[in-house]
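I have placed the structure first, in the form of structure tokens, so that the comments after it can refer back to it.
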Amino acid sequence: MQQTVPEQSSGEVTALNMSDTDDNTLASTSAAGLFAGKKRERFGALDGVQERDPKRLRESLRPNSAIRSKTPEAVAEVTAQESMNTNLISDPSFHDVDELQEEYAAAVAHNTKKEFPTLSKDAPPAPVPAQHQRTSSTKKKSPPSNIHITDGARSVHLGWSSEVQSLLNGFSLPWATQWEFLRFYSRVDAGYYEIDDVRNACIALKDIPNYTTNAASAPRVFEFLKNARDARLALLGESSDHATKIRTEAASRIKHESMRTERILSDPWDELDREEKAISLGDGSGHGFGVSNTDHWYGGKVRFGLKLIIKNKPPAKASHTRERVNFSFFFALGVEKPRLSDSNRIAREIGSRRVIKLTLPDSVSESESLGEFFRRKFVILGKVFQAFFPREGSCYLVETADYNYDPPLPNPSAFCNIGRKALVELFRWMNPLEFNINQPLAKYTSRIALGLSNSLPAFLVKRESIRFIDDIVVDDGTASGASHLIMTDGAGFMNDAAARAVQNLCQLQRKPVAMQGRLGGAKGMFVLHPGLEHATYTGAAAADLNSDEPVLWCRRSQVKIKYGLEDQQASPEIGHRTFDLLRSSKVTLPARLSEQIMQCLSHGGVPHEVLLRIFHQQVDSELRILDEYLPLSDSRFDQSDQAEIKRESFAIRLYDFVSGAESVPQARLRRQTLGLSRVLGLGEQEDQSDWTHAIDDNDDDLGDQSTAWAPDLVSGQPSSLAETVLLLLEAGFYPWDTRILWKKLQQCVTTKVNSLTTKYKFHVPMSAEAFAIPDPFGKLEEGQIFFRSSETWSDEFGDCHDILEGDVLVTRHPCMVASDIRKLRAINHPMFHMYTDVVLFSVKGERSALSWLGGGDYDGDTARLIWQPEIVDPFTNSPSCRGEPSPEFIQQNFQQEVRPAASLESVLLHVPPNAVAEDKRDRDLQDVVLPSLIANAQVGAFCTILDAAKSGLTVLPSVSSKDRRKFAHLRYTHRGETLKDEQGRIGKPLDRPFPLGPDLLDQLYQDGEAIKQEKAALLGDEPLPTNTPPSATLLGPQQRRESSIQRLEMLGVPDAVAHAATQKQHLNLMRTTLARMADEAKDFRSSEAQKRGFDHFTNLPIIDRQDILRSISADYVAAIESLSDECWSLGDQEAIQRLAASCIFSSTYNKKSYRYPWDVAFRDLCALQAQSTKTYSTVTQSFAERFVLMKRSVQLLKSASA
């Protein structure tokens, strides 16, 4: 079959299908002659191909069907030739004619052993080798690669050729706008967009005002690019792919308009424009305190992300010809939409657009090939990015230079380069070697992480207002300087002005007495200074304490990186004098126990009965409301006022239960505060990298991506399970007569019961958690603490307290051994009363009080206090701190990185004479800072390995192998765990030593399983029999319309009968349309899940699920708009909207698709229910999301129902 060669674009390479041709033509064609001197560029930029006539190219590359008559040698040569020519087009690993000739010669010599895969548009893809096949259908499919390798494999190019980059540069498009082009252009279905689409979209963008700003042009890229493609296909007489899908232009418009609030909260375009202005000024405005910055704006809040896609498992060992590794065979890169997020010091210094977080998949295995991949230079939008720090399943890339295209681009990049730092310059800025040359190399590299952690620039400190003071250190006669001998390790001081600055910035009700943050190279806690009478203790002066400007006193133990502030050697930049706030002091009442804490309490002598009783009390208290469900369900037909009051009371208390169980108010606040969640005490914001598929071929979903867990404002349906339950309860639904509510409530209850009975993180009534700080006065004796709370608690007699006195158990996380919990004495003294919501520890004794607790210090550790008498009284302290490894243990089991940072002197301080030397310097630096990308997983002593990145200690390979042989096959079968491991291998059971007695966790597990079975039955089976008629309230509009038609028909008047016939026809049209849409939505959900490589819709990442559901709801609303014109006899659009919700609810009731009405008409159905109560109120979304139940109100309802 004759195939034509499609026009090549800057998108994915289009495979060529070639028909038969004369074998002599093919035999006479040589790769060297056809492509000599032409270097291959990715995505259609095959310069040697584009300069030739497409017809002649097809003729020269056609495979031969007549080779049957040739000799075996000729057949081998011809077969290898045609396969090689096809690969020249399709395989990105070939970038050089010499490599092509080598492959060709090898194929001729070993034709029976090596086959070149030919790509055909009609042929199925080549089978994946067994070792690369995915066995789980819930994992993502392997997409084509969107990267290509050039410069002798030294550079990894993402997305497109130099021609496209020059085009974008020529239009002076800003960074985010170009990034959006890259996001759409590098999509998974190759060739979807072509270079003409990009050119025409750029021309359209140029016509809008201020198109050179991100705010004006970036949001319009999708619209113009899509329009350009549609116009191109229309000229070719083809219909675009999206025209065959259920989403229409109206649906896209509705979806776009509904996401306005989300875009305001998450779109970064205005933020990037302000950042670009700040970068061009070069005055440090990005940190919030530049000369031109008057409103405390700060930068670094935009997140640019890539996602590593594993196409095929890379080899564990890198090839000996490491420069020719075909990375495009193993990897692809997904381009994520830029979003407003948290801020960090490095991004504030150099700009958000110069930092990219590349997220690694959970399934990635560490290998030398992966390490080699990250040592390459990544060319993105004409800029060179280099990997500079791996962290928590990701690797950060930073812009270091412009890419030198060969030949140079006609239109070079116009982006501002002010503030950009080369790789070594960034290291020198973060950790200047001249001041830190004696640091161990492991610590030197690990401390780069200080610049990447989430923080809020709180205030600027003048150089003369930074003080350095000595720590209180125990003299053990060895001068070892061990951290456990530093009694004030990690805690300095601040004056009142600094505390007030944080209070005003974060709108706190109280002035914080302690805060965790970073100043230059110092990190840890900064505690409110105790006053002038203790000036000799800290070296303070009255002027410092009373100053209106922030003054900070840094302990020597806090200084992790030196910038020359101490000896006036350097003039620090604004970024090094800005106080970066992490958290301020707050108290949690009560605190939670954990598995580890309960095990240690048990070992310390606390009877199991005590802990089991507290466990049952917690479960009963939280799940007590479920006991009322079945009785109320049985009385649901009781219409008396008293019964209705009980049902309403139950609904309100059920609302409170679900809201608290899933922390709904906090989740809503996190959505509104973005990167400030941690600073404001709302908990950590989840990483969004796992919330979306990242590479997607759904055109509409690429345009408007939702924010994770944000509600669908088209249908009104929340994203989270808990919020859906809350809104259904608010509308007046009850779970015993609403199947959707009962199903979702059942899932919420199951989740809560499982959490209570498996994680064992339950509260102890008399407990608290707060920051640990050393005694600022030095008055507490060894074994004493002080704790005062801004909130009161009740003791066993019901009396309220805010100051703790008496014996108390103190621990912290992690709590791994018995000595990690200590019984201390809490005292009360007026001197300490100013320090609320923190725990003061004594600075006296043979070692730091917090070091007993798993090696803790005062740089931000929180202490958990337990003063419940039945727990405290029987507890006995462990006689020794077994968590502290001995020097002999360290020597026998660990190897230590002994190289100092000075070993990097030749790398960081050397000025390379040429580009080759510069590349080698950068690779040498990456060899040091990227080891975790190629290191083998190791096991060993917990606390030591936990700190290995800073200590330089790694387990000896011989010890690691010995421990694996000794312990890897052992299985502890408590909590119902089996003897099989993840690979299905059966291990040996580990018996609990008899002297230890019964295992507490085993008893908790058994009790938990009994509770699960008991609570599972509380909600009963299905709330309604399958033959139960649907809600009359929700059927109301449909029934009233049917009654109206019947009355018109009964009148017998010709006009009335005709009007009734018209209404009946329109009603039938509506029902038919809605039924078809319900079926299409079901198929669409399934197909979209499969397209993304998942076997079920519910397995999709949250953003993908939201985007699919929003497309369905937008399509439904668009259909309603259309029906309002077609079915004019049924009323206006609002009436048709209510009627449609009623009809679709009726038609899907008691079907598997019963969720569909709620997916598309959630707000309408809730409105019908609420209006039926006659007592409903109206409220907008912005108000509703900020409403919370008063705790006292719920308590009164609980008392009344008891």
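Read in the numbering used here, the sequence shown has 1305 at position 939, and its numbers run on one by one without any break.
Where a beta carbon is used, it is the ideal one built from N, C-alpha and C, also for glycine.
Here the structure is a predicted model, which means the values were calculated and not measured.
Same chain, Cβ closer than 6 Å to residue i, neighbours up to 5 away in sequence not counted
i	result
residue 570	590
residue 999	1102
residue 538	578, 780
residue 1118	1027
residue 982	none
CA nearest to the CA of residue i, picked from the options
i	options	result
residue 1374	1166, 1075, 620, 1128	1128
residue 1415	1146, 1125, 1430, 1368	1430
residue 878	782, 885, 895	895
residue 1320	1285, 1212, 1259, 1400	1259
residue 568	812, 1399, 534	534
residue 719	543, 739, 802	543
residue 1176	1237, 1372, 1546, 1031	1237
residue 870	1468, 947, 1017	947
residue 1406	1240, 1502, 1440	1502
residue 789	1368, 725, 1532, 716	716
residue 1145	1189, 1194, 1126, 1161	1194
residue 739	747, 749, 754	754
residue 930	807, 840, 800, 980	800
residue 1139	1154, 765, 1513	1154
residue 1172	1081, 1189, 655, 1099	1189
residue 600	619, 634, 563	563
residue 1001	1100, 1445, 1244, 975	1100
Buried or exposed (CB count within 10 angstroms, at least 16 for buried), residue i
i	result
residue 1499	exposed
residue 865	buried
residue 1330	exposed
residue 1561	exposed
residue 1200	exposed
residue 1556	exposed
residue 1233	buried
residue 1432	buried
residue 825	buried
residue 830	exposed
residue 541	buried
residue 1510	buried
residue 1550	exposed
residue 1494	exposed
residue 928	buried
Inter-residue spacing [alpha-carbon to alpha-carbon] between residue i and residue j
i	j	result
residue 1204	residue 1137	5 Å
residue 787	residue 794	10 Å
residue 723	residue 1377	44 Å
residue 1463	residue 1528	19 Å
residue 1490	residue 1497	8 Å
residue 1170	residue 899	26 Å
residue 1425	residue 1382	53 Å
residue 833	residue 876	26 Å
residue 679	residue 696	6 Å
residue 560	residue 1327	54 Å
residue 1402	residue 997	28 Å
residue 1570	residue 694	In the structure as shown, the chain begins at 367 and stops at 1568. Residue 1570 is therefore absent and cannot be evaluated.
Cβ distance (whole Å) where residue i is taken to contact residue j below 8 Å
i	j	result
residue 666	residue 714	4 Å
Own chain partners of residue i with C-beta closer than 8 Å, once the 5 adjacent residues on each side are dropped
i	result
residue 640	663, 665
residue 1037	631, 1073, 1075, 1076
residue 670	545, 702, 704, 718, 719, 721, 722, 723
Contacting residues, own chain, Cβ-Cβ under 7 Å from residue i (five flanking each side not counted)
i	result
residue 586	571, 574
residue 842	851
residue 1024	1088, 1091, 1092, 1114
residue 961	1126, 1367
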